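Protein chains in written order, with the working numbering: chain A, 1 to 211; chain B, 1001 to 1211.
A virtual CB, placed ideally from N, CA and C, is assigned to each residue, including glycine.
All figures in this text were calculated on a predicted structure; none of them were measured in a lab.
Working notes, structure below.
2 protein chains.
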Amino acid sequence: MPPTDRSADDTRERIIDAAQAIFARDGFVGAKMQEIADRVGIQRPSLFYHFKNKEALFVAAHEQIFAKIEPVFRESLAPNGDPFVQLDRVSRAVLAVMAEEPDFARMVARTSVDRHPAAVKIVRTYLQPLVDLSVAFVRDGQRRGIFADIDPFFFTLNSWGAALIYFIARDLLAPIAKPNEPKDLARFTTTLLQMGNRALAPNERRAQRAS
Amino acid sequence: MPPTDRSADDTRERIIDAAQAIFARDGFVGAKMQEIADRVGIQRPSLFYHFKNKEALFVAAHEQIFAKIEPVFRESLAPNGDPFVQLDRVSRAVLAVMAEEPDFARMVARTSVDRHPAAVKIVRTYLQPLVDLSVAFVRDGQRRGIFADIDPFFFTLNSWGAALIYFIARDLLAPIAKPNEPKDLARFTTTLLQMGNRALAPNERRAQRAS
DNA sequence: CAGTACCTACAGACGTGTAGGTAGACGCCC
DNA sequence: GGGCGTCTACCTACACGTCTGTAGGTACTG
């Protein structure tokens, strides 16, 4: 139908976009190459012209996400400045990226719980370094006596879990929540930061530098 | 129900146990009936003698979990007593049940992110009522002026996300964390409760006008 | 001898990846 | 600038494995 633009790069990107939506919904095993092809508007075998196989497409789909998120993460958590401000910044930034492309978050969430070798590989390659960064960040804030003595690894897990579950829940629990995307996400971000700040703040009236 | 033969019930339970492990690892689509049968030590078609089809087994596997968790939840959150004590109790109780059978948590996590109709049905039937309970609990504590003014729905999501991600992460991030199951779970429970309590505690000493 | 619990064998559907063909764009040479 | 080969992006057709669910048989048990 569309005037076959025949630009390989353009098609490649459209395939990745479609793949993200499908992988986000169905996971690696559940996703069908046919459906991805349908979305792009090409025949299924043509996908194999652009990507060696399903797994290569899976990797490419994730690569594109983490290429966006990783620098945000790395810059925001650079070891200097007020950790509460940094925490605030990185949370907002990551959530903003995710809000912009909700498939991102859903696909990452989907892949995180997947034990399929293809998914495990993604997690090891792309997700784990970010978790390491976050753990180091919390640990550093504690060493400097700024953060409360909460387990950094579990605090990180909690934050990831909380952030990802929002995008999962948006679909799942829509019937009760009647989500209003931008407003709800703002509310969620606020709640999350509030909880994070409170959890990390030492018990007494120590630091209120955030927000 | 049909006249209960002693070995039939036993097999049924062994099938459910095996199914929980496989569904936890691979999700509904990824799980293979063959592998479930292998674990039980019977031929695959025999599964269809006990369960109409794959989905019926999927439902049965979840039913067994929620039958254990739901009463704990409902009793612990009954609207009386100190909400902080209740929060403490329900968290420990649910985490204890999950620790006892780690496949439970992993399967629920897996199913929660799954958009497959079979999974969506599970969530609507079993998971949503528990979320509703939790939201009502937080809302009640706030109405009584005991909990801080945090969004109850998002607080609940956060708690679920945090609890589930522990069991996911246990596998995924094992290489860096070198988990020591009982000890780590205890640490995690403590951290989680600490965070929950702090998040829900009104800002008594801190000078932040919200009241 | 009747019912239960399990078996073997098979059908049918589905999904990935490949083989091999084609239409158009592009340079090149006379 | 028209014929000519070549490359790119996509196509049709198909091989082939895998998985669910069923048909129909059998052994054990009371």
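Practice task
Compute the distance between the beta-carbons of MET33/A and LYS54/A, then report whether it is under 8 Å.
Solution key: In the first sequence, residue 33/A corresponds to position 33, counting from 1. In the first sequence, residue 54/A corresponds to position 54, counting from 1. Closer than 8 Å, so yes.
Exercise for the section: Taking all protein chains shown into account, decide if GLN1142/B is buried (16 or more other Cβ within 10 angstroms of its Cβ) or exposed. Expected result: Within the second sequence, the letter at position 142 stands for residue 1142/B. Flag for GLN1142/B reads buried.
Handout entry: Residue span of the alpha helix (DSSP H) that contains SER1046/B, given as start and end
Key = The residue labelled residue 1046/B in the question sits at position 46 within the second sequence. No alpha helix (DSSP H) holds SER1046/B; DSSP gives it neither H nor E.
Exercise for the section: Report all residues from its chain with a CB closer than 7 Å to the CB of PHE167/A; omit the five preceding and five following residues, and keep chain order. Expected result: Along the first sequence, one-based indexing puts residue 167/A at 167. Here the set comprises MET98, PRO102, ALA105, ARG106 and ALA109.
Exercise for the section: Just tell me which of HIS1050/B, ALA1021/B and PHE1028/B has its CA closest to the CA of ASP1009/B. Expected result: As a position in the second sequence, residue 1009/B is number 9, starting the count at 1. Looking at the Cα atoms, HIS1050/B is the closest of the given residues.
Exercise for the section: Look at the alpha carbon of ALA163/A and the alpha carbon of LEU95/A, and state the distance between them as a whole number of angstroms. Expected result: Here residue 163/A refers to the residue found at position 163 when the first sequence is read from its first residue. Here residue 95/A refers to the residue found at position 95 when the first sequence is read from its first residue. In a straight line, the C-alpha of ALA163/A is about 7 Å away from that of LEU95/A.
Problem - Contact list for HIS116/A against chain B, beta-carbon separation under 8 Å - result: Taking the first residue of the first sequence as 1, we reach residue 116/A at position 116. Those within 8 Å of HIS116/A in chain B are ASP1026 and GLY1030.
Problem - Own chain, CB closer than 6 Å to PRO202/A, minus 5 neighbours either side, in chain order - result: For the purposes of this step, residue 202/A is identified with residue 202 of the first sequence, where counting begins at 1. Answer for PRO202/A: ALA148, listed in chain order.
Practice task
Decide if the region 113-133 of chain A is in contact with the region 1149-1156 of chain B; the criterion is three or more beta carbon pairs, one per stretch, under 8 Å apart.
Solution key: These segments do not touch.
Handout entry: Straight-line Cα distance separating LEU1192/B from GLU13/A
Key = Translated into the one-based positions of the first sequence, residue 13/A becomes position 13. Translated into the one-based positions of the second sequence, residue 1192/B becomes position 192. The straight-line gap from Cα to Cα measures roughly 41 Å.
Handout entry: Enclosing alpha helix (DSSP H) for LYS54/A [first to last residue]
Key = Sequence index remark: in the first sequence, residue 54/A carries index 54 (1-based). Note, LYS54/A: alpha helix (DSSP H), 54-76.
Practice task
Compute the Euclidean distance between the alpha carbons of PHE1155/B and GLY1041/B, then round it to the nearest angstrom.
Solution key: Numbered from its first residue, the second sequence carries residue 1155/B at position 155. Numbered from its first residue, the second sequence carries residue 1041/B at position 41. Rounded to whole angstroms, PHE1155/B to GLY1041/B spans 44 Å at the Cα level.
Exercise for the section: Would you kindly work out how many angstroms separate the C-alpha atoms of SER1281/B and ALA1186/B, rounded to a whole number? Expected result: The question about residue 1281/B has no answer here: the residues shown for chain B are numbered 1001 through 1211.
Handout entry: CB contact below 8 Å: LEU157/A versus chain B
Key = What you label residue 157/A is simply residue 157 of the first sequence in a count that begins at 1. At least one chain B Cβ lies under 8 Å of LEU157/A.
Handout entry: Three or more C-beta pairs below 8 Å linking the region 1063-1077 of chain B and the region 71-84 of chain A
Key = Using a C-beta cut-off of 8 Å, the region 1063-1077 of chain B makes no contact with the region 71-84 of chain A, since fewer than three inter-stretch Cβ pairs fall below that distance.
Practice task
Within 10 angstroms of the Cβ of GLN1020/B, are there 16 or more other Cβ atoms? Answer buried if so, exposed if not.
Solution key: Translated into positions along the second sequence, residue 1020/B becomes position 20. When all chains shown are included, GLN1020/B counts as buried.
Exercise for the section: Would you decide whether SER1091/B is buried or exposed? Buried here means 16 or more other CB atoms lie within 10 Å of its CB. Expected result: Here residue 1091/B is taken as the residue at index 91 of the second sequence, counted from 1. Per the 10 Å Cβ criterion, buried.
Exercise for the section: List the whole-angstrom C-beta distance separating SER112/A from LEU127/A, where the pair is believed to meet the contact cut-off of C-beta under 8 Å. Expected result: To locate residue 112/A, count along the first sequence from 1; it is residue 112. To locate residue 127/A, count along the first sequence from 1; it is residue 127. That belief holds up - the Cβ atoms of SER112/A and LEU127/A are roughly 7 Å apart, short of 8 Å.
Practice task
Return no unless some Cβ of chain A is closer than 8 Å to the Cβ of ILE1065/B.
Solution key: Within the second sequence, residue 1065/B is the residue found at index 65, counting from 1. No - not a single Cβ of chain A is within 8 Å of the one on ILE1065/B.
Problem - Beta carbon proximity, ILE1150/B to chain A, threshold 8 Å - result: In the second sequence, the residue the question calls residue 1150/B occupies position 150. Taking Cβ atoms only, chain A reaches closer than 8 Å to ILE1150/B, which makes this a yes.
Exercise for the section: Use the C-beta contact count for THR125/A: other C-beta atoms within 10 angstroms, 16 or more gives buried, fewer gives exposed. Expected result: Here the question's residue 125/A lines up with position 125 in the first sequence. Exposed.
Problem - Per-residue contacts from ALA169/A into chain B (C-beta, under 7 Å) - result: Walking along the first sequence from the start, residue 169/A turns up at place 169. Within 7 Å Cβ-Cβ: LEU1157.
Handout entry: ALA1056/B vs ARG198/A beta-carbon contact at 8 Å
Key = Sequence index remark: in the second sequence, residue 1056/B carries index 56 (1-based). Sequence index remark: in the first sequence, residue 198/A carries index 198 (1-based). It is not a contact, given that the beta carbons lie outside the stated cut-off.
Exercise for the section: Indicate whether ALA169/A and LEU1157/B have their beta-carbon atoms separated by less than 8 Å. Expected result: By 1-based counting over the first sequence, the position of residue 169/A is 169. By 1-based counting over the second sequence, the position of residue 1157/B is 157. Yes; because the gap between Cβ atoms is below 8 Å, this pair is in contact.
Handout entry: Element boundaries [alpha helix (DSSP H), containing GLY1141/B]
Key = Along the second sequence, one-based indexing puts residue 1141/B at 141. Note, GLY1141/B: alpha helix (DSSP H), 1128-1143.
Practice task
For TYR1166/B, return the contacting residues in chain A, with the cut-off set at a CB-CB distance below 7 Å.
Solution key: Indexing the second sequence from 1 puts residue 1166/B at position 166. Chain A residues near TYR1166/B: LEU157.
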